[in-house]
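Residue 201 in numbering that gives the first Met the number 0 sits at position 202 of the sequence shown; the count goes up by one each step and never skips. Here the structure is laid out as structure tokens; the discussion comes afterwards.
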Amino acid sequence: MNNCAIVGINWGDEGKGRMVDLLTEHFDVVVRYQGGGNAGHTVVNEKGRFALHLLPSGIFRDGVVNILGNGVALDPENLLGEIKAVMSQGVGISPDNLKISERASLLFPWHRDLDELEEKRLKDKKYGSTKQGIAPFYSDKYQKKTILAGELFFPDELKAHLADLLEWKNLILTNVYGARPYTIESLNDWIRDYCEPLRPFICDTGAFLKQAKTQGKKILFEAQLGALRDLDYGIYPYTTSSNTLAAFAPVGAGLPSLRLDEVIGVVKAYSTCVGEGPFVCEMFGDEAVKLREAGREYGAKTGRPRRVGPIDLVATRYGIEIQAATQIALTKLDVLSYMSEIPVCTAYTVNGAKTERFPFPMELNGAEPVIEYCPGWESDISGIREWSALPQAARDYVRMIERAINCPITYVSVGPERDSIIARKAWS
Ligand code: GDP
């Protein structure tokens with residue numbers, strides 16, 4: 000294959016980062032195409048343990064060029080902080096291995112303020128935002144009221160554009176929320192401190208990708224969050240504010256003419272969900288605490304405990320369909336090793352009727368999970384690297400999922416480290 004997207008099939012946190020980190024050895028370029036610093040990929044490799052928020056997970060591989068595409072919410076403060084943190088752990092980052100699209104829009108400090116102010120206003124109806132400014136950012140982008148990274152190279156035009164935006168944004172901050180206004184001096188300082196240092200990385204990444212494709216270079220597209228958080232197809236309004244689907248990858252990356260060869264969907268061996276919104280298969284009480292602890296299910300960005308549940312075959316089938324996944328990586332199978340029997344959500348009951356169809360978002364609130372059980376294996380599988388060496392019950396569990404989702408499971412991961420992986424077919 001020449002290009003491939005690695006995407007989340009569920010609510011995010013499926014372990015996409017570890018799969019990108021593993022598979023980058025087969026690629027020349029890794030591109031992030033949507034989202035911002037609001038979620039995190041955790042990557043553990045020979046260089047250490049890293050929580051990435053904006054940097055593509057290919058940053059650890061020598062020779063791989065990493066790109067932040069036009070679809071990304073480019074948060075200069077977060078990005079600079081992340082670059083410094085990752086470099087301090089011995090990873091080299093320069094304009095040779097990190098390129099930022101000149102068409103990426105800048106996430107301003109007021110986006111974070113507005114996120115916080117709106118969640119406060121909503122009180123108990125809040126969305127559970129990570130308050131990184133993502134929703135206000137994308138709203139502004141669609142209103143055509145953001146600044147493109149490439150504008151940093153046009154200081155006079157930038158000055159006028161900033162003044163216009165400032166006037167408009169202060170009206171909203173002060174009149175709608177009663178918050179303090181920004182001054183042009185504070186904005187200029189922000190540009191100097193956080194945007195100017197990024198200038199060397201900003202370029203026409205579309206042209207770079209086009210050339211890479213022409214030269215037969217292999218390109219990997221890395222998604223943030225999962226299918227159920229997609230703005231158009233997810234559990235709206237408890238979605239993110241961008242498109243997390245593979246279909247958006249060529250557009251958000253900067254190569255709209257590209258057709259994807261493969262889509263690797265990442266599915267966790269059980270379910271987790273951060274923040275508010277319907278989560279039909281949710282477990283509660285001791286059962287939930289045990290699973291959360293076994294999987295260390297706390298948000299990479301916020302440290303919030305993740306809601307947990309059994310694998311949800313209804314949601315997973317839907318996720319695979321809308322991602323058009325051609326193969327699946329099933330992660331964190333080792334986490335289930337303590338269970339004597341493993342719960343599986345095989346269907347929902349909606350208005351008294353059993354269904355295997357993923358319902359319209361409003362119907363999810365009244366949906367109940369139908370739970371069935373598979374035998375557990377109750378032994379440590381974290382050291383296993385061969386499919387045939389897995390206990391029979393573990394293989395049966397994977398095969399049961401494979402049949403239910405009708406998509407080949409080509410990878411099974413059994414630990415967070417790069418090599419804690421069972422590949423069921425050779426890479427091609
Ligand atoms: P992402 O955003 O989809 O990359 O997922 P996160 O990084 O938020 O969450 C995945 C978490 O699970 C990280 O802490 C990983 O180190 C960890 N992880 C990934 N694969 C495995 C696995 O197979 N077993 C275990 N125990 N942990 C894993």
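By construction, the Cβ of each residue, glycine as well, lies at the ideal position given by its N, Cα and C atoms. Note that this is a predicted model, so its numbers are computed, not measured.
Rounded to the nearest whole angstrom, the C-alpha separation of L312 and V63 is 35 Å. Checking the 7 Å criterion, the Cβ of P304 is out of range of every heavy atom belonging to the ligand GDP. The three-state secondary structure of L230, taken from DSSP, is coil.
V349: member of the beta strand (DSSP E) spanning 340-349, first to last residue. If you draw a straight line from the Cα of D285 to the Cα of G35, it is about 34 Å long. Going by DSSP, K209 is part of the alpha helix (DSSP H) stretching over 204-213. In the DSSP assignment, the residues bridged to T41 are A50. Per the Cβ contact rule, the segment 277-293 is not in contact with the segment 179-190 (fewer than 3 Cβ pairs under 8 Å). Distance from the C-beta of S412 to the nearest heavy atom of the ligand GDP is below 7 Å.
Counting along the chain, A222 sits inside the beta strand (DSSP E) bounded by residues 218-225. Following the DSSP letters along the chain, one finds A328 inside the beta strand (DSSP E) bounded by residues 326-330.
Rounded to the nearest whole angstrom, the CA to CA distance from S240 to I133 is 7 Å. One alpha carbon belongs to V413, the other to G177, and they sit about 51 Å apart.
The Cβ atoms of R228 and T243 lie closer than 8 Å to each other. Distance from the CA atom of N69 to the CA atom of I218, rounded to whole angstroms, is 16 Å.
Taking the C-beta atoms as reference points, S104 is found no nearer than 8 Å to L151. Here DSSP, grouped into helix, strand and coil, assigns K130 to coil. The Cβ atoms of D12 and V307 lie no closer than 8 Å to each other.
Relative to the ligand GDP, S419 has its C-beta within less than 7 Å of a heavy atom. Segment contact: the segment 404-423 against the segment 377-388, three or more CB-CB distances shorter than 8 Å; contact assigned.
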